[in-house]
Amino acid sequence: MQIKTVFSCQKCGYQSPKWFGRCPDCQSWNSFVEEDYSLPNSNTKERVTLYKDKPVLLKDVSVKEDSRLKTDILELDRVLGGGIVKGSVILIGGDPGIGKSTIALQVSNQLTRQGIIVLYVSGEESTHQTKLRAERLGAHDSESLYIVNQTDLNLITEYIKKLAPEVVIIDSIQVIF
Numbered sequence: 229m230q231i232k233t234v235f236s237c238q239k240c241g242y243q244s245p246k247w248f249g250r251c252p253d254c255q256s257w258n259s260f261v262e263e264d265y266s267l268p269n270s271n272t273k274e275r276v277t278l279y280k281d282k283p284v285l286l287k288d289v290s291v292k293e294d295s296r297l298k299t300d301i302l303e304l305d306r307v308l309g310g311g312i313v314k315g316s317v318i319l320i321g322g323d324p325g326i327g328k329s330t331i332a333l334q335v336s337n338q339l340t341r342q343g344i345i346v347l348y349v350s351g352e353e354s355t356h357q358t359k360l361r362a363e364r365l366g367a368h369d370s371e372s373l374y375i376v377n378q379t380d381l382n383l384i385t386e387y388i389k390k391l392a393p394e395v396v397i398i399d400s401i402q403v404i405f
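With this note's numbering, the residue at position 40 of the sequence shown is 268, and numbering never jumps.
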């Protein structure tokens, strides 16, 4: 058995893998407590759910304006409903050469201009190639944009733990193993 830790808000029941000083759901301060769960070994077929959301009325769910990260790329923000929802996963698809990597780097640049720490993981281009693209886009002098050429998911996960970026961009997901 493996032990897993989850933090639960004592006011509203919100659960997260990390501790918060203030609950992002009900906004109460110092309401999180640590709880441990036992997970079965990975070779068993038993399914365990750590997060136990409770049904709530739609009208009782509060949506905060700051829950989206603005990219300052007007059409992208419009398509995303006003910006990138924190905690979301966005997949950008298209034919080769259409500009997916370029727009990903533009988004990285715009977010870092707001002081947001971004980790840009490229599985197909070297850091040198990514730097050249960034220079063409005017994004080469950012103090909060980290780039790495990596395809090993375990190493990428370690980088995320070490840097604790607010945004991670993986270009391209199909080469990650």
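Each residue gets a CB set at the ideal place from its N, CA and C atoms; glycine is no exception.
For D305, the first and last residue of its enclosing alpha helix (DSSP H): Taken as a continuous stretch (DSSP letters only), the alpha helix (DSSP H) holding D305 covers 302 to 307.
Do you know how far the Cα of K287 is from the Cα of L391? 37 Å
So if DSSP puts C237 in a beta bridge, which residue, or which two residues, is it bridged to? F260
Quick check: I375 and Y348, are their CB atoms within less than 8 Å of each other? yes
Between which residues of its own chain and D305 is the CB-CB distance below 7 Å, once the five residues before and five after are set aside? K298, T299, G311
Under 8 Å, do N337 and L365 count as touching if we go by C-beta distance? yes
How should L302 be labelled, buried or exposed, when 16 other C-beta atoms within 10 angstroms of its C-beta is the threshold for buried? exposed
If distances are taken between C-alpha atoms only, which option among C237, H368, K239, P245 comes closest to I231? Among C237, H368, K239, P245, the Cα nearest to that of I231 is on P245.
Cβ distance (whole Å) where I345 is taken to contact S372 below 8 Å: By a beta-carbon distance limit of 8 Å, I345 contacts S372. Their separation comes to about 5 Å.
Where does K232 fall in DSSP's three states? strand
I need the boundaries of the alpha helix (DSSP H) containing L339, first residue and last residue. 328 to 341
In three-state terms, what does DSSP make of L365? helix
Beta carbon of V395 nearer than 8 Å to that of L339: In this structure, L339 lies closer than 8 Å to V395 by Cβ.
To the nearest angstrom, how far is the alpha carbon of C237 from that of K314? C-alpha separation (whole angstroms): 19 Å.
Once DSSP output is grouped into helix, strand and coil, what is the label at D281? coil
Report all residues from its chain with a CB closer than 8 Å to the CB of K282; omit the five preceding and five following residues, and keep chain order. Closer than 8 Å at the Cβ level, and outside the excluded window around K282, lie G241.
Going straight from the alpha carbon of E263 to that of G327, what length do you get? 45 Å
State the Cα-Cα distance for the pair A332 and S295, rounded to the nearest angstrom. 20 Å
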